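Trainee:
Residue numbers (our numbering): 4 to 463.
Right, here's the structure in full:
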């Protein structure tokens, strides 16, 4: 591999490293944290465009054979995840610790890039840790109330448990197959011996913890609630998407043993049901989004059960739609004290105070519910079609019925905004400035995906 080939294969990651250095220099020469916004934004945009361009050229390479390789799917995944990080940066523009937020976000994105190019379980581990470690600090940056410290500690402890479980799974994979390549994991995935099954169960359990699948979801509600809105937006979209897309790459063409298939089906359906039911009882918007994300993680894991050739398309399209709609909803929240803007009560009568934000949040809620003609319907249709193509018709039917629980949840938010009497909230103000810019760019993307889903699917 020539130096030029190495540079091109890891171009998005190299750009992220340059961006981190630029933010460090900016912090040294400027006393204003907000000066980090421009280099961070340009870096993420450049990385996303580089991945988009490399995907379009069909570039593929293995600069470190057996450890790090790239192909069209890897570049597509990086382009969509880096693109989803742009609105999160806009939301962070008015944060007190913006330079720290930007640096941590870029470091986490670098981990996502490694994760999506991993060909060995060790590289997968390093990428997952680089993705996760900055998140603990991002939660602490929202330290505006005692819950933030508690949430960060719980996230750190459970994240450490997930790391230990993953390392144990890697050890069992080595014992069962004699190697730590992704191909060795696929061999274990189809194995019938005790070591192979144990290895696969532990690795998948670690990924389920990172994606907040029941019963490994306890960290998510507190972490989402304790973090700032931009950090919540990033964790709910980019991080979850990176974990699921990496799992699709890890599975490759392999199919799972029957016992593992049954476990994944049960936990996925349980996540859909419990996530929607628990979200109905929440009075905070970010906790609602957290439990909603648990339900959506269930849909994403169901997509892993489908034929190998259909998994990436179903998961990637779902990540795009789910990420954009969550970003749209969070960008339109009223401004004000963090604890006050997070309460669902602050949305009562929002249509009478700020019709634009109410309509945009309603669009996001209807899409998350999967109601046609919104793009969320197409995303769920692809997931259930993928499941049915693998012969699991009964699973698809149960998942479809369980998804109706979410309709009540999202319509409840819409009822608060449109059908509740207008209430005066002197400490909250309509979203404006950079939050409005984030809302407009995500709205444009939602409309594009909703009107031209075939174009997006063709690009994938």
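For every residue, glycine included, the Cβ atom is placed at its ideal position computed from N, Cα and C. Computed from a prediction, not measured in an experiment: that's the story for all the values here.
Below 8 Å on the Cβ atoms is my contact criterion, and I expect residue 245 with residue 331 to pass it. Report the Cβ-Cβ distance as a whole number of Å.
Mentor: 20 Å between Cβ atoms; not a contact.
Trainee: Please confirm whether residue 420 and residue 352 have their CB atoms less than 9 Å apart.
Mentor: Yes, they are a contact pair.
Trainee: Residue 73 lies in the beta strand (DSSP E); which residues open and close that run?
Mentor: 71 to 73 is the extent of the beta strand (DSSP E) around residue 73.
Trainee: So is residue 90 buried or exposed if we call it buried at 16+ other beta carbons inside 10 Å?
Mentor: By the neighbour-count rule (16 or more Cβ atoms within 10 Å), residue 90 is buried.
Trainee: Using DSSP with H/G/I as helix, E/B as strand and the rest coil, what is residue 218?
Mentor: Three-state DSSP puts residue 218 in coil, outside helix and strand.
Trainee: Identify whether residue 317 lies in helix, strand or coil by the three-state DSSP scheme.
Mentor: Residue 317 falls in the helix class under three-state DSSP.
Trainee: To the nearest angstrom, report how far apart residue 449 and residue 306 are at their CA atoms.
Mentor: Taking the straight line from one Cα to the other gives about 21 Å.
Trainee: Here's the rule: buried if 16 or more other CB atoms are within 10 angstroms of the residue's CB, otherwise exposed. What is residue 297?
Mentor: Residue 297 comes out buried.
Trainee: Check whether the Cβ atoms of residue 273 and residue 224 sit closer than 9 Å, and answer yes or no.
Mentor: No, the Cβ-Cβ distance between residue 273 and residue 224 is not below 9 Å.
Trainee: Out of 42, 68 and 112, which has the shortest C-alpha to C-alpha gap to residue 54?
Mentor: Among 42, 68 and 112, the Cα nearest to that of residue 54 belongs to 112.
Trainee: By the 10 Å Cβ neighbour count, where 16 or more other Cβ atoms means buried, how is residue 381 classified, buried or exposed?
Mentor: Under this definition residue 381 is a buried residue.
Trainee: Exposed or buried, which one is residue 422 when buried takes at least 16 other CB atoms within 10 Å?
Mentor: Under this definition residue 422 is an exposed residue.
Trainee: Answer with buried or exposed for residue 39, where buried requires no fewer than 16 other C-beta atoms within 10 angstroms of its C-beta.
Mentor: Residue 39 comes out buried.
Trainee: Do the CB positions of residue 266 and residue 204 come within less than 9 Å of each other?
Mentor: Yes.
Trainee: For residue 235 and residue 227, what's the separation of their Cα atoms in angstroms?
Mentor: C-alpha separation (whole angstroms): 5 Å.
Trainee: Could you check the C-alpha separation between residue 78 and residue 46 for me, to the nearest Å?
Mentor: Cα to Cα, residue 78 sits roughly 16 Å from residue 46.
Trainee: Do residue 327 and residue 452 count as a contact pair if the criterion is CB distance below 9 Å?
Mentor: Yes, Cβ-Cβ distance for residue 452 and residue 327 is below 9 Å.
Trainee: Residue 346 by DSSP, collapsed to three states: which one?
Mentor: Correct three-state label for residue 346: strand.
Trainee: DSSP three-state call for residue 438: helix, strand or coil?
Mentor: If DSSP states are grouped into helix, strand and coil, residue 438 belongs with the helices.
Trainee: Identify whether residue 123 lies in helix, strand or coil by the three-state DSSP scheme.
Mentor: Here residue 123 sits in strand by DSSP.
Trainee: Terminal residues of the continuous alpha helix (DSSP H) containing residue 249?
Mentor: Its alpha helix (DSSP H) spans residues 243 to 254.
Trainee: Check residue 64 in the structure and name its three-state DSSP category.
Mentor: Strand.
Trainee: Given 8 Å as the limit, is there contact between the stretch 53 to 72 and the stretch 20 to 27, that is, 3 or more CB pairs closer than that?
Mentor: They do not touch, by the three-pair rule.
Trainee: Using the rule of at least 16 other Cβ atoms within 10 Å of the residue's Cβ for burial, across every protein chain shown, is residue 446 buried or exposed?
Mentor: Buried: at least 16 other Cβ atoms inside 10 Å.
Trainee: Candidates 293, 67, 169 and 27: which alpha carbon is nearest residue 107's?
Mentor: Of the listed residues, the one whose Cα sits closest to residue 107 is 27.
Trainee: Using a 10 Å radius around the Cβ and a threshold of 16 neighbouring Cβ atoms, would you call residue 429 buried or exposed?
Mentor: Residue placement at residue 429 is poorly supported in this model, since its pLDDT is 48, which falls under 50; the coordinates are not used for a value here.
Trainee: Do residue 320 and residue 271 have their CB atoms nearer than 9 Å?
Mentor: The answer is no: Cβ separation not under 9 Å.
Trainee: Using CA coordinates, which residue listed in 237, 310 and 41 is at the minimum distance from residue 292?
Mentor: The option with the nearest alpha carbon to residue 292 is 237.
Trainee: Measure the beta-carbon distance from residue 309 to residue 295 and round it to whole angstroms, keeping in mind my assumption that it falls under 8 Å.
Mentor: Not really, about 23 Å apart at Cβ, beyond 8 Å.
Trainee: Can you list, in chain order, the residues of its chain whose CB lies under 6 Å from that of residue 364, leaving out five sequence neighbours each side?
Mentor: Correct list, in chain order: 332 and 335.
Trainee: Out of 61, 240, 233 and 392, which one is the CA nearest neighbour of residue 313?
Mentor: Closest option to residue 313, Cα to Cα, is 392.
Trainee: Would you mind giving the Cβ-Cβ distance between residue 14 and residue 57, rounded to the nearest angstrom? I have them listed as a contact below 8 Å.
Mentor: About 7 Å separates the two Cβ atoms, so the contact holds.
Trainee: Along the alpha helix (DSSP H) that carries residue 378, what are the first and last residues, could you check?
Mentor: Counting along the chain, the alpha helix (DSSP H) containing residue 378 begins and ends at 378 to 392.
Trainee: With H, G and I counted as helix, E and B as strand and the rest as coil, what does DSSP make of residue 429?
Mentor: Confidence at residue 429 is low in this model, with a pLDDT of 48, below 50, so the placement of that residue is unreliable and no value is reported for it.
Trainee: Apart from the five residues just before and just after residue 29, which ones in its own chain have a Cβ nearer than 8 Å to its Cβ?
Mentor: These residues qualify, in order along the chain: 38, 39, 42 and 102.
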